[in-house]
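Everything below concerns the one structure shown next.
Protein chains: 2
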Amino acid sequence: MATGRNHRPATRSRGIPEATVARLPLYLRALTALSERSVPTVSSEELAAAAGVNSAKLRKDFSYLGSYGTRGVGYDVEYLVYQISRELGLTQDWPVVIVGIGNLGAALANYGGFASRGFRVAALIDADPAMAGKPVAGMPVQHADELEKIISDNGVSIGVIATPAGAAQQVCERLVAAGVTSILNFAPTVLSVPDGVDVRKVDLSIELQILAFHEQRKAGEEADAEAASRKGPDGDMPAVMPA
Amino acid sequence: MATGRNHRPATRSRGIPEATVARLPLYLRALTALSERSVPTVSSEELAAAAGVNSAKLRKDFSYLGSYGTRGVGYDVEYLVYQISRELGLTQDWPVVIVGIGNLGAALANYGGFASRGFRVAALIDADPAMAGKPVAGMPVQHADELEKIISDNGVSIGVIATPAGAAQQVCERLVAAGVTSILNFAPTVLSVPDGVDVRKVDLSIELQILAFHEQRKAGEEADAEAASRKGPDGDMPAVMPA
DNA sequence: ATGTCTTTGTGAACGCGTGCACAAAGATAG
DNA sequence: CTATCTTTGTGCACGCGTTCACAAAGACAT
Numbered sequence: 001m002a003t004g005r006n007h008r009p010a011t012r013s014r015g016i017p018e019a020t021v022a023r024l025p026l027y028l029r030a031l032t033a034l035s036e037r038s039v040p041t042v043s044s045e046e047l048a049a050a051a052g053v054n055s056a057k058l059r060k061d062f063s064y065l066g067s068y069g070t071r072g073v074g075y076d077v078e079y080l081v082y083q084i085s086r087e088l089g090l091t092q093d094w095p096v097v098i099v100g101i102g103n104l105g106a107a108l109a110n111y112g113g114f115a116s117r118g119f120r121v122a123a124l125i126d127a128d129p130a131m132a133g134k135p136v137a138g139m140p141v142q143h144a145d146e147l148e149k150i151i152s153d154n155g156v157s158i159g160v161i162a163t164p165a166g167a168a169q170q171v172c173e174r175l176v177a178a179g180v181t182s183i184l185n186f187a188p189t190v191l192s193v194p195d196g197v198d199v200r201k202v203d204l205s206i207e208l209q210i211l212a213f214h215e216q217r218k219a220g221e222e223a224d225a226e227a228a229s230r231k232g233p234d235g236d237m238p239a240v241m242p243a
Numbered sequence: 244m245a246t247g248r249n250h251r252p253a254t255r256s257r258g259i260p261e262a263t264v265a266r267l268p269l270y271l272r273a274l275t276a277l278s279e280r281s282v283p284t285v286s287s288e289e290l291a292a293a294a295g296v297n298s299a300k301l302r303k304d305f306s307y308l309g310s311y312g313t314r315g316v317g318y319d320v321e322y323l324v325y326q327i328s329r330e331l332g333l334t335q336d337w338p339v340v341i342v343g344i345g346n347l348g349a350a351l352a353n354y355g356g357f358a359s360r361g362f363r364v365a366a367l368i369d370a371d372p373a374m375a376g377k378p379v380a381g382m383p384v385q386h387a388d389e390l391e392k393i394i395s396d397n398g399v400s401i402g403v404i405a406t407p408a409g410a411a412q413q414v415c416e417r418l419v420a421a422g423v424t425s426i427l428n429f430a431p432t433v434l435s436v437p438d439g440v441d442v443r444k445v446d447l448s449i450e451l452q453i454l455a456f457h458e459q460r461k462a463g464e465e466a467d468a469e470a471a472s473r474k475g476p477d478g479d480m481p482a483v484m485p486a
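If you're matching them up, the sequences are chains V and L in order. Numbering (our numbering) for the first sequence: 1 to 243. Numbering (our numbering) for the second sequence: 244 to 486.
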């Protein structure tokens, strides 16, 4: 049992750096938009601007995939869309299960971007018997008892956990035992998984706290600059100061 | 990953590395759990395990905050909770607005972790007039016309964008113009913001695509391993190497 | 007081990611 | 065909983050 396997497998996946992989979806989205506007080619400078990254970085990223550009011209949009899609494995169908159909789970089930590209919601699963059979996003919720069967029957390898924190680890273990090897975790918990299983975490609370940190820093710098006169009644005096 | 803050200027946050800041909420969560179990002290090894990180990394992270540990003993849980909370700016109240009350926006409004620690949902805003006045999470949705007034009246500096992609940039600009300096973006778009504004992005679709990449790689390796074992004992010979 | 034991705090080495700057490659015009 | 212009692909250097390994610091027992 490995402790929270959040760090990368350390092995560069087929020579493609993790940082590059994380940007490929970004490029793909920008390219898809260009494709819909029937733009035939795009330069690294233009595409980088659309994706919000540095053009040198983009070119280096693409160089890991191969030499798909034409010097003096740029990149063929359609060809690049295909190459990135293939590299990301989006040319095949990925059945996905969502476990925990509360507010968030339901929102995820309704999320359009889910079905759009290669991903298909194979089932919605909840532990509450009262939810069973209830339609969410045009699909009946199934009871957690069926979890193993659903995963096996549909060949699901990607699971989304949207349960309360307390249930997440247990759900995770059942998913893994049933054959899931990639998990997207929305529950605010560190998941322990065996080697070979990938976990990605989406944590609203953490993102907000990081923003708060920077916000506080900005406020502090402002106050220092302005000699601090008009700040709200709640300063940050220590209310609790344990020894 | 935030596109608006990719090239972070020289504003290195008071000497605390960004990577460390991103982990502080993780430590805080683990410490809060210990605190609730009335555990008085914790070693770096134990806490690191609970947070799913390396213990040396944790100690180095804490060293940026100061010397809050006692050699031979560990860290005082309550004291550390306070120090990290203060460092993250969670000892003060952060009013937050959520713009775009669709499935996701409603889920966020109902999310408990929101209110739990310093963050308070000041208003729910939507552009659809039919939504106005409708209660979501015990709070009436307000029309987008009121956006500037709401932000100004409540001193909101953090905004959450949960609108469709097409509306995100425009909403973002209005938020920034009204005084918001930190944005959490759930819309699948690259946001352009002026310097001094922090953007963090949460993108379900990107996370799934990254998982798909690794999933595909796993499947490929399996196939390679099979092929290799079928061929002969020496496993690491020329895999697929396109010219 | 002294020695032993535990655990922190950190110097140093290393590896990854980023961005600059430029040569190579191809398009295009004359 | 040659010259020029555009844009890619990448060698290189630099800085950040991670990890190791250990000395310093304090607790605790005798």
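Built from N, CA and C at the ideal position, the CB exists for glycine as well.
For this session: With a cut-off of 8 Å on the beta carbons, I'd call residue 34 (chain V) and residue 21 (chain V) a contact; round off their distance for me.
Result: With 8 Å as the limit, residue 34 (chain V) and residue 21 (chain V) do not qualify as a contact, their Cβ atoms being about 21 Å apart.
For this session: Using a threshold of 8 Å, state whether the C-beta atoms of residue 451 (chain L) and residue 119 (chain V) are closer than that.
Result: yes
Exercise. Buried or exposed: where does residue 142 (chain V) fall if 16 or more other Cβ atoms within 10 Å of its Cβ makes it buried?
Worked result: buried
Exercise. Within the 8 Å Cβ cut-off, does residue 110 (chain V) reach chain L?
Worked result: yes
Exercise. Helix, strand or coil: which one does DSSP assign to residue 134 (chain V)?
Worked result: coil
Problem set entry | Beta-carbon spacing of residue 65 (chain V), residue 47 (chain V) below 8 Å | no
For this session: List the endpoints of the continuous beta strand (DSSP E) containing residue 366 (chain L).
Result: 362–369
Problem set entry | Between the CA atoms of residue 189 (chain V) and residue 165 (chain V) - distance to the nearest angstrom | 6 Å
Exercise. Below 8 Å between beta carbons: does that hold for residue 343 (chain L) and residue 369 (chain L)?
Worked result: yes
Exercise. Per DSSP, residue 335 (chain L) forms a beta bridge with which residues?
Worked result: BP columns for residue 335 (chain L) are empty, so no partner.
Problem set entry | Beta-carbon proximity check, residue 411 (chain L) vs residue 434 (chain L), cutoff 8 Å | yes
Exercise. Can you find a C-beta in chain V that's less than 8 Å from the C-beta of residue 279 (chain L)?
Worked result: no
Exercise. Which bits of chain L does residue 216 (chain V) rub up against, with CB to CB less than 7 Å?
Worked result: 332
Exercise. Buried or exposed: which applies to residue 355 (chain L), given that a residue is buried once 16 or more other Cβ atoms fall within 10 Å of its Cβ?
Worked result: exposed
Exercise. Does DSSP put residue 54 (chain V) in a helix, a strand or coil?
Worked result: coil
Exercise. Any idea if residue 420 (chain L) is buried or exposed, counting beta-carbon neighbours within 10 angstroms, 16 or more meaning buried?
Worked result: exposed
Problem set entry | Among L:422, L:372, L:388 and L:367, nearest to residue 381 (chain L) - alpha-carbon criterion | L:367
Problem set entry | Distance between beta carbons of residue 103 (chain V) and residue 350 (chain L), contact taken as under 8 Å | 4 Å
Problem set entry | Neighbour flag for residue 366 (chain L) against chain V, beta carbons, 8 Å | no
For this session: Take the Cβ of residue 299 (chain L) as the centre, count every other Cβ of all protein chains shown within 10 Å, and call the residue buried at 16 or more, exposed below.
Result: exposed
For this session: Pick helix, strand or coil for residue 290 (chain L), following the three-state DSSP scheme.
Result: helix
For this session: Return the CA-CA distance between residue 196 (chain L) and residue 436 (chain L), expressed in angstroms with no decimal places.
Result: Missing from the structure shown is residue 196 (chain L); chain L here goes from 244 to 486 and no further.
Exercise. If we cut at 8 Å on Cβ distances, does residue 349 (chain L) have a partner in chain V?
Worked result: yes
Exercise. Taking 8 Å as the CB-CB limit, is residue 138 (chain V) close to chain L?
Worked result: no
Problem set entry | With 16 other Cβ atoms within 10 Å as the buried cut-off, status of residue 260 (chain L) | exposed
For this session: In angstroms with no decimal places, state the Cα-to-Cα distance between residue 70 (chain V) and residue 19 (chain V).
Result: 24 Å
Exercise. For residue 178 (chain V), which residues in chain L fall below 8 Å Cβ to Cβ?
Worked result: Going along chain L, no residue has its Cβ under 8 Å from residue 178 (chain V), so there is no contact; the nearest lies around 15 Å.
Exercise. Helix, strand or coil: how does DSSP classify residue 372 (chain L) here?
Worked result: helix
Exercise. What are the boundary residues of the beta strand (DSSP E) that includes residue 75 (chain V)?
Worked result: 74–76
For this session: Could you work out which residue in L:459, L:415, L:406 and L:273 is closest to residue 197 (chain V) when comparing CA atoms only?
Result: L:459
Exercise. Cβ of residue 401 (chain L) less than 8 Å from any chain V Cβ?
Worked result: yes
Exercise. With burial defined as no fewer than 16 other Cβ atoms inside 10 Å of the residue's Cβ, what is the status of residue 134 (chain V): buried or exposed?
Worked result: exposed
For this session: Residues of the stretch 68–81 of chain V with a CB closer than 9 Å to any CB of chain L: list them in chain order, please.
Result: none
Exercise. For residue 341 (chain L), which of L:306, L:456 and L:358 has the nearest alpha-carbon?
Worked result: L:358
Exercise. Cα-Cα, which of V:212, V:199, V:145 and V:52 is closest to residue 457 (chain L)?
Worked result: V:199
Exercise. Helix, strand or coil: which one does DSSP assign to residue 20 (chain V)?
Worked result: helix
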